[in-house]
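Notes for the one structure printed next.
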Amino acid sequence: MFSNPVHTASGAGSAETHSFQLAFIQEVGNLIFGGTVASGQTGLLTQAVQADETHQLRLHAGYDFGPATGVVTLGGLQAETSNGKRQGPLFGLGMRVSLNRALQLRGELLHHEAGPRDGSGRPRGETLSVTAAFRF
């Protein structure tokens, strides 16, 4: 999967935002292995860690149970702000369920730690994403 840069305009002036994602998935029988490299100035995780831009590297492993697929995600996150860079791990669990031949529901609970903001602690958080996909 590859996403092109996204351009947005704001009220008084225009601001340009960019995002990039490259993913690879390999199925071996019922086992699923993959990885994702992503960078972006928008998105759920960027907002959750209160950053101007995030860079992610994720490794995925899962199992296809038939109508449902479970996935475990491990990786790293780098959040860039005007105060500098913060780094930390991310990990999560995801599930994809096929409702019929054309409609799928996907969900992922992702835990992230973006490193210390002021040196006093490690801000932590979780993001929950739920999406629907329609296959033609």
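As numbered in the working numbering, residues 61 to 196 make up the sequence shown, in order.
We put the CB at the ideal spot given by N, CA and C, even for glycine.
Are the CB atoms of residue j and residue i within a distance shorter than 9 Å?
{"i": "L134", "j": "L150", "result": "yes"}
{"i": "L159", "j": "L165", "result": "yes"}
{"i": "G100", "j": "E113", "result": "yes"}
{"i": "G94", "j": "L117", "result": "no"}
{"i": "F84", "j": "A98", "result": "no"}
{"i": "R195", "j": "R161", "result": "yes"}
Per DSSP, which one or two residues make a beta bridge with residue i?
{"i": "F196", "result": "Answer is none; F196 lacks a bridge partner."}
{"i": "V88", "result": "L91"}
{"i": "H78", "result": "Answer is none; H78 lacks a bridge partner."}
Would you tell me roughly how many angstroms separate the C-alpha atoms of residue i and residue j, rounded to the nearest one?
{"i": "P127", "j": "K145", "result": "41 Å"}
{"i": "V132", "j": "R156", "result": "12 Å"}
{"i": "G136", "j": "L91", "result": "23 Å"}
{"i": "G148", "j": "H172", "result": "7 Å"}
{"i": "A111", "j": "E186", "result": "15 Å"}
{"i": "E87", "j": "T96", "result": "15 Å"}
{"i": "V109", "j": "A139", "result": "7 Å"}
{"i": "H78", "j": "G167", "result": "24 Å"}
{"i": "D124", "j": "L105", "result": "26 Å"}
{"i": "S201", "j": "G103", "result": "The first residue shown for the chain is 61 and the last is 196, placing residue 201 beyond what the model contains."}
Helix, strand or coil for residue i, going by three-state DSSP, please let me know.
{"i": "T114", "result": "strand"}
{"i": "T106", "result": "helix"}
{"i": "S70", "result": "No answer about S70 holds up, because its pLDDT of 37 lies below 50 and its placement is not dependable."}
Does any residue of chain B bring its CB to less than 9 Å from the CB of residue i?
{"i": "E140", "result": "Among the protein chains of the structure shown there is no chain B, as only one such chain exists."}
Practice problem: Run through the stretch 126–182 for me and flag every whole beta strand (DSSP E) of 3 or more residues, listed as ranges in chain order. | Solution: 128–141, 144–158 and 163–173
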